[in-house]
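Enquirer: Take any residue in the sequence shown, count from 1 to its spot, add 1: that is its number in our numbering.
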Amino acid sequence: MLIEASKACLLIVDMQEKLLPVIDEAERVADNCVLLLQAAEKLDLPIIVSEQYPKGLGPTIQELEHRSAMIFDKLSFSVWRNEELKSHFTKMEESGFKHVIICGVEAHVCVLQSALDLAKAGFEVFVVADAVSSRAPESVDLALARMRAQGVHVINVEMAVFELAGKAGTPEFKALSALIK
Numbered sequence: 002m003l004i005e006a007s008k009a010c011l012l013i014v015d016m017q018e019k020l021l022p023v024i025d026e027a028e029r030v031a032d033n034c035v036l037l038l039q040a041a042e043k044l045d046l047p048i049i050v051s052e053q054y055p056k057g058l059g060p061t062i063q064e065l066e067h068r069s070a071m072i073f074d075k076l077s078f079s080v081w082r083n084e085e086l087k088s089h090f091t092k093m094e095e096s097g098f099k100h101v102i103i104c105g106v107e108a109h110v111c112v113l114q115s116a117l118d119l120a121k122a123g124f125e126v127f128v129v130a131d132a133v134s135s136r137a138p139e140s141v142d143l144a145l146a147r148m149r150a151q152g153v154h155v156i157n158v159e160m161a162v163f164e165l166a167g168k169a170g171t172p173e174f175k176a177l178s179a180l181i182k
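Laid out in structure tokens, this is it:
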């Protein structure tokens, strides 16, 4: 299955100031999350940002601040187990948004649990492998393998961008392809 821009939203999971310094390849993950955010912005996709216990882990990093993003605080690891987020995703689904593109941290905790819960709830979930990480690289490998086994689509940033573009020769393609350098 390919991502359809008309049905897609971007979920940025817990990219927070105090958490990123301990994340493996944090700069790469942040850069790729920013690229996905820019792609979502160019296509007017809904952008959802979760923050795990922001009192302790701080706010989302400044590079990912976006005026149209809906930011939700949570204590549950899965976004689906937070009532406010669950309600938001349910409303989005009723409006036709069934494809959830996920990036963020930590791959083996909040990303994994969110992806599995959203998939179980009937969403098509696309986890962007080069835009997720954890403290330990082996945790990422285990998380991605587990998500694949449960039917979550594991993709990379370029796959996401070009699937959202759909075809060459359009203004959207030009805008999105410029993001890939």
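We treat Cβ as the ideally placed atom computed from N, Cα and C, and that holds for glycine. Please read all numbers here as calculations on a predicted model, not as lab measurements.
Start and end of the alpha helix (DSSP H) containing H89?
Expert: Start and end: 84-95.
Enquirer: Excluding five sequence neighbours on each side, which residues of the same chain lie with their C-beta closer than 7 angstroms to the C-beta of Q36?
Expert: Before going further, note that residue 36 is Leu rather than Gln in the sequence given. Around L36: V158, L180.
Enquirer: Tell me, which residues are paired with K75 by DSSP?
Expert: In the DSSP output, where bridge partners are listed per residue, K75 has Q53.
Enquirer: Which residue marks the beginning of the beta strand (DSSP E) containing E125, and which one marks its end?
Expert: Here the beta strand (DSSP E) through E125 covers 125-134.
Enquirer: What is the rounded straight-line gap between the Cα of I49 and the Cα of A31?
Expert: Rounded to whole angstroms, I49 to A31 spans 16 angstroms at the Cα level.
Enquirer: Could you name the residues that DSSP lists as bridge partners for H100?
Expert: In DSSP, H100 forms a bridge with A9, E125.
Enquirer: From C10 to F124, what does the alpha carbon distance come to, in whole angstroms?
Expert: Their backbone Cα atoms lie some 11 angstroms apart in a straight line.
Enquirer: Please list, in chain order, all residues of the same chain as L177 whose beta carbon is under 7 angstroms from its beta carbon, the five residues on each side excluded.
Expert: The residues are A40, K43, V162, L165, A166.
Enquirer: One question on the structure: do D1 and R82 come within less than 8 angstroms of each other, judged by their Cβ atoms?
Expert: Because the chain here runs from 2 to 182, residue 1 falls outside it and cannot be looked at.
Enquirer: In this structure, does DSSP put E153 in helix, strand or coil?
Expert: The sequence as given places Val at residue 153; Glu does not occur at that position. Correct three-state label for V153: coil.
Enquirer: Please state whether the Cβ-Cβ distance between V126 and C104 is less than 8 angstroms.
Expert: No, they are not a contact pair.
Enquirer: Would you mind sorting K168 into buried or exposed? The rule is 16 or more other CB atoms within 10 Å of its CB.
Expert: Looking at its Cβ environment, which holds fewer than 16 other Cβ atoms inside 10 Å, K168 is exposed.
Enquirer: Compute the beta-carbon to beta-carbon distance between H109 and I4, rounded to the nearest angstrom, for a pair I have assumed lies under 8 angstroms.
Expert: At roughly 23 angstroms, the Cβ-Cβ gap does not stay under 8 angstroms, so H109 and I4 are not in contact.
Enquirer: Can you name the start and end residues of the alpha helix (DSSP H) that A31 belongs to?
Expert: First-last of the alpha helix (DSSP H) with A31: 27-43.
Enquirer: Measure from the alpha carbon of E107 to the alpha carbon of each residue in D142, P172, T171, then state which is nearest.
Expert: Among D142, P172, T171, the Cα nearest to that of E107 belongs to D142.
Enquirer: By how many angstroms is the C-alpha of S79 removed from the C-alpha of V112?
Expert: Spanning the two alpha carbons is a distance of roughly 7 angstroms.
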